[in-house]
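Take a look at the structure below.
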């Protein structure tokens, strides 16, 4: 009786819930880093810098940047999944929604607490949405696409992209600080931990799919490892 198979519909429902809860929490975590004011994650630095220059909200900027990055998939022949497209919109909307209700944090102790909460929550969110196996985020796909097209290692490509993103964002007025450094050091281990915790039955611990992907119904999709799939939202 304990080995009763999980119905396919329930399996898909769990994956969808994980996907959208993960994306929403990612936006919340990014907003917490903004409120802490001690430095953002790499792409957050760029989003904030562009928001400062354009007058748009940081969430709207994140959506625009995500859509622009997704267009770069075309020449690299990358194939987006449901999670890829959802990523573009859900994170930015959740981020703006959180910033609308969470006030600015005052006092160094409070800011540190909010920063740590944001980084840990980002790890939870990353584990949730990657384990759902609906495709990588636009920025992750750019990284893996460049890896395949240039032959460079994931580490090299990721480092080059994030250095360029942080430098550009900082030049535009984005927040670079201790939070940026702690995020860079902590997100890999955190994502790996929560990816294992939230792994969906039918996938191994690296997040690889054992069944056809629901987006196509015919081809299997391999989700990136935590080291490859850290959104830099």
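Residue numbers (our numbering): 275 to 507.
Beta carbons are placed, not taken as given, at the ideal position from N, Cα and C, and that holds for glycine.
When you compare each of the options to residue i by their alpha carbons, which one comes out closest?
{"i": "residue 442", "options": "306, 302, 312, 322", "result": "322"}
{"i": "residue 448", "options": "407, 320, 331", "result": "320"}
{"i": "residue 339", "options": "355, 352, 359", "result": "359"}
{"i": "residue 467", "options": "299, 404, 456", "result": "404"}
{"i": "residue 288", "options": "388, 402, 391", "result": "402"}
{"i": "residue 382", "options": "311, 457, 303, 334", "result": "311"}
{"i": "residue 452", "options": "393, 410, 397", "result": "393"}
{"i": "residue 317", "options": "328, 332, 327", "result": "332"}
{"i": "residue 346", "options": "459, 440, 426, 411", "result": "411"}
{"i": "residue 461", "options": "422, 353, 304, 283", "result": "304"}
{"i": "residue 351", "options": "422, 309, 363", "result": "422"}
{"i": "residue 444", "options": "464, 327, 457, 458", "result": "327"}
{"i": "residue 349", "options": "415, 361, 285, 386", "result": "415"}
{"i": "residue 286", "options": "406, 456, 413, 378", "result": "406"}
{"i": "residue 335", "options": "309, 366, 432", "result": "366"}
{"i": "residue 386", "options": "472, 454, 463, 464", "result": "454"}
{"i": "residue 459", "options": "446, 433, 475, 472", "result": "433"}
{"i": "residue 250", "options": "474, 284, 309", "result": "The shown model of the chain, from 275 to 507, leaves out residue 250, and the question about it has no answer."}
{"i": "residue 436", "options": "425, 373, 450", "result": "450"}
{"i": "residue 400", "options": "472, 377, 417, 424", "result": "472"}
{"i": "residue 368", "options": "475, 439, 438, 295", "result": "295"}
{"i": "residue 413", "options": "474, 439, 284", "result": "439"}
Would residue i be called buried (16 or more neighbouring beta carbons within 10 Å of its own) or exposed?
{"i": "residue 324", "result": "buried"}
{"i": "residue 337", "result": "buried"}
{"i": "residue 380", "result": "exposed"}
{"i": "residue 478", "result": "Interpretation of residue 478 is limited by its pLDDT of 43, a score under 50 that renders its predicted location unreliable; no figure is taken from the coordinates."}
{"i": "residue 353", "result": "exposed"}
{"i": "residue 384", "result": "exposed"}
{"i": "residue 457", "result": "buried"}
{"i": "residue 344", "result": "buried"}
{"i": "residue 465", "result": "buried"}
{"i": "residue 291", "result": "exposed"}
{"i": "residue 372", "result": "buried"}
{"i": "residue 418", "result": "buried"}
{"i": "residue 481", "result": "Bear in mind that a pLDDT of 40 at residue 481, under 50, signals an unreliable position, so the model cannot answer this."}
Could you tell me how far apart the beta carbons of residue i and residue j are, in whole angstroms, since I believe they sit closer than 8 Å?
{"i": "residue 395", "j": "residue 306", "result": "7 Å"}
{"i": "residue 356", "j": "residue 301", "result": "The pair is not a contact, with the Cβ atoms about 17 Å apart (cut-off 8 Å)."}
{"i": "residue 364", "j": "residue 297", "result": "4 Å"}
{"i": "residue 299", "j": "residue 398", "result": "6 Å"}
{"i": "residue 431", "j": "residue 446", "result": "Going by Cβ atoms, the distance from residue 431 to residue 446 rounds to 23 Å, so no, they are not a contact pair."}
{"i": "residue 362", "j": "residue 341", "result": "5 Å"}
Can you find a CB in chain B that lies within less than 8 Å of the CB of residue i?
{"i": "residue 460", "result": "Of the chains in the structure shown, none is chain B; there is only one protein chain."}
Just to check, is the beta-carbon of residue i closer than 7 Å to a non-hydrogen atom of the ligand HEM?
{"i": "residue 437", "result": "Here there are no bound small molecules, and the ligand HEM is not part of this structure."}
Of all the beta strand (DSSP E) runs that stay within the bounds of the stretch 394-478, which reach a length of 3 or more residues? Segments of the beta strand (DSSP E) lying fully in the stretch 394-478: there are none.
Report the residue ranges of all beta strand (DSSP E) runs contained in full by the stretch 308-396; include only those spanning at least 3 residues, in chain order. Fully enclosed beta strand (DSSP E) runs of 3 or longer: not present.
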